Amino acid sequence: FRAAEYQVLVATDIAARGIDVPGVSHVVNFDVPNYPEDYIHRVGRTGRATAVGDAITFVSHDEAQDFKRIEQFIGSRLERKQYGEFTYHPAESRERRDDRRRSARG
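Everything in the sequence shown is counted per the working numbering, starting at 10 for the first residue and increasing by one.
Structural data, given as structure tokens:
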């Protein structure tokens with residue numbers, strides 16, 4: 010990554026701690042962190058020194074409370090964009106797929 014061969018870095022909260030990559034312009038949270046401090050740490054990657062960046066967080070209905078806690082923690086309401094035509098279909102668990110395959114075989 011440091012050799013600038015890749016322009017995307019994907020990391021867990023644990024892996025992201027201690028990583029100092031200059032020039033991060035966007036942070037995409039595919040889940041809402043359980044703790045507001047973790048959110049601050051994640052999105053802080055875009056605003057080092059005088060840099061400016063964007064943070065995008067996907068929020069499911071189940072994560073709404075965690076998202077509200079982040080807003081309370083930072084003392085500000087975050088911009089929301091809702092995509093009404095998007096229908097979420099949760100991925101079927103591997104266990105359930107395996108059970109279906111076994112029953113189909115007889």
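Each residue gets a CB set at the ideal place from its N, CA and C atoms; glycine is no exception. Only a predicted model underlies this, so the values are computations on that prediction, with no experimental measurement involved.
- Remark: C-beta atoms of Phe82 and Pro45 approach each other more closely than 8 angstroms.
- In this structure, Val30 keeps its C-beta atom at 8 angstroms or more from the C-beta atom of Gly62.
- Asn43 is a Cβ neighbour of Asp75, given a cutoff of 8 angstroms.
- According to the DSSP assignment, Asp63 belongs to no alpha helix (DSSP H) but to the beta strand (DSSP E) extending over 63-66.
- Inclusion of Ala60 and Val36 in the CB contact set at 8 angstroms is not warranted, their separation being larger than that value.
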